[in-house]
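Engineer: Let me give you the structure first, and then I'll get to my questions.
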Amino acid sequence: MTRPVLYPLRTVDTAKVGYASFPHHRRRVTIEHRPLTGITPAMLLDWFTHLGGTMRYGDEVVDRYLAWHPIDHIRWELAKAAPGGGAGEGARFRIVEAFGGRPEFKVDVVDRVEKLDETGIRLVQRLGGIVIFQLEHTWSAGSDGAHYVSVMDVGARSALMAPVNRVVRRRLPDEMLAAWVKHNIEEVGQLEYLLPTLGSGEPEPAQRAQRGDQAPYEQNQKAEPVH
133 MTRPVLYPLR TVDTAKVGYA SFPHHRRRVT IEHRPLTGIT PAMLLDWFTH
183 LGGTMRYGDE VVDRYLAWHP IDHIRWELAK AAPGGGAGEG ARFRIVEAFG
233 GRPEFKVDVV DRVEKLDETG IRLVQRLGGI VIFQLEHTWS AGSDGAHYVS
283 VMDVGARSAL MAPVNRVVRR RLPDEMLAAW VKHNIEEVGQ LEYLLPTLGS
333 GEPEPAQRAQ RGDQAPYEQN QKAEPVH
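Residue numbers (the numbering used here): 133 to 359.
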């Protein structure tokens, strides 16, 4: 069921997006988001370690994950707790979403949290112990808010895994990848509105909503190679 979207969704041109292809059918997408005003690394860490919680969204109390992207998000669950308990490093997240709200772009995956601290989160899928998919979000404090970068790596580095990489890549065709980029920019932008309400319990400040999220931001089609 689609929920109302209370806050402006950022457009793709508010971020710098880079695409790159590498040997053995690997690909990388890098998204440098516009800074998140009023957001700190500690707030982001708290968000990701409490994704299973609820929050007030308009006149309702809803799952945080559903408030995060009311159109695309379907379900989040802690498939396996971290060794120390909860949603920390070593946990497994089950993520169900449909990019752009399109059923043909629905994914239902379980990712292992290989990093989660005040500098970012790294979600990984492995096959036989080899990384075949990795999504890493890194963030840092800045004078204009939190700087946030998302990097998706699709495919393993080994030449022996090229056949597997072809399969993985076919599961994320270009149109679906573009829908994911749009989705990621939208959901990261929502954090600017959602996180401050968790501490204050107050609705989103009017001036931030009025500012809008359609300001252009230079788009860059270059990405650094995988090392």
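Don't be surprised by glycine CBs; every beta carbon is placed ideally from N, CA and C.
Model, not experiment: these values are computed from the prediction.
So, under 8 angstroms CB-CB, V313 and V137 are touching, yes? Tell me the CB distance rounded to an integer number of Å.
Structural biologist: Your numbering for residue 313 matches position 181 in the sequence shown. Your numbering for residue 137 matches position 5 in the sequence shown. With a Cβ gap of about 18 angstroms, V313 and V137 do not count as contacting.
Engineer: If distances are taken between C-alpha atoms only, which option among G220, D285, R135, G218 comes closest to R158?
Structural biologist: Counted from its first residue, the sequence shown places residue 158 at position 26. Comparing Cα-Cα distances from R158 to each of G220, D285, R135, G218, the minimum goes to D285.
Engineer: Could you spell out the range, first to last residue, of the alpha helix (DSSP H) harbouring D178?
Structural biologist: Taking the sequence shown and counting its residues from 1, one reaches residue 178 at position 46. Run containing D178: 173–181, per the alpha helix (DSSP H) assignment.
Engineer: Closest to T169 by CA distance: which of P295, W271, G287 is it?
Structural biologist: On the sequence shown, residue 169 is found 37 positions in, with the first residue counted as 1. It is W271.
Engineer: Taking A278 as the reference, which of R135, L323, L330, G222 has the closest Cα?
Structural biologist: The residue you call residue 278 lines up with position 146 of the sequence shown. With distances taken between Cα atoms, A278 lies closest to L323.
Engineer: How many Å lie between T143 and R166 at the Cα?
Structural biologist: Looking up residue 143 in the sequence shown gives position 11. Looking up residue 166 in the sequence shown gives position 34. So the alpha carbons of these two residues sit roughly 11 angstroms apart.
Engineer: Could you say which of E250, L259, F237 lies nearest to D243 if we only look at CA atoms?
Structural biologist: Working through the sequence shown from its first residue, we reach residue 243 at position 111. Ranking the options by Cα distance to D243, first place goes to L259.
Engineer: Taking the beta strand (DSSP E) that V241 falls in, what are its first and last residues?
Structural biologist: On the sequence shown, position 109 is the one that residue 241 refers to. Residues 238–249.
Engineer: Using the beta-carbon count (16 or more within 10 Å), is V193 buried or exposed?
Structural biologist: Translated into the one-based positions of the sequence shown, residue 193 becomes position 61. That one is exposed.
Engineer: Determine whether the beta carbon atoms of E319 and H182 lie at a separation below 8 angstroms.
Structural biologist: By one-based count along the sequence shown, residue 319 stands at place 187. By one-based count along the sequence shown, residue 182 stands at place 50. Result no, Cβ atoms of E319 and H182 do not sit closer than 8 angstroms.
Engineer: Enumerate in chain order the residues of its own chain whose CB-to-CB distance from N316 is below 7 angstroms, with the five nearest sequence positions on each side excluded.
Structural biologist: Taking the sequence shown and counting its residues from 1, one reaches residue 316 at position 184. The residues are I163, S282.
Engineer: Let's see if you can read the secondary structure: which residues bound the beta strand (DSSP E) around R158?
Structural biologist: Walking along the sequence shown from the start, residue 158 turns up at place 26. Unbroken beta strand (DSSP E) run through R158: 158–164.
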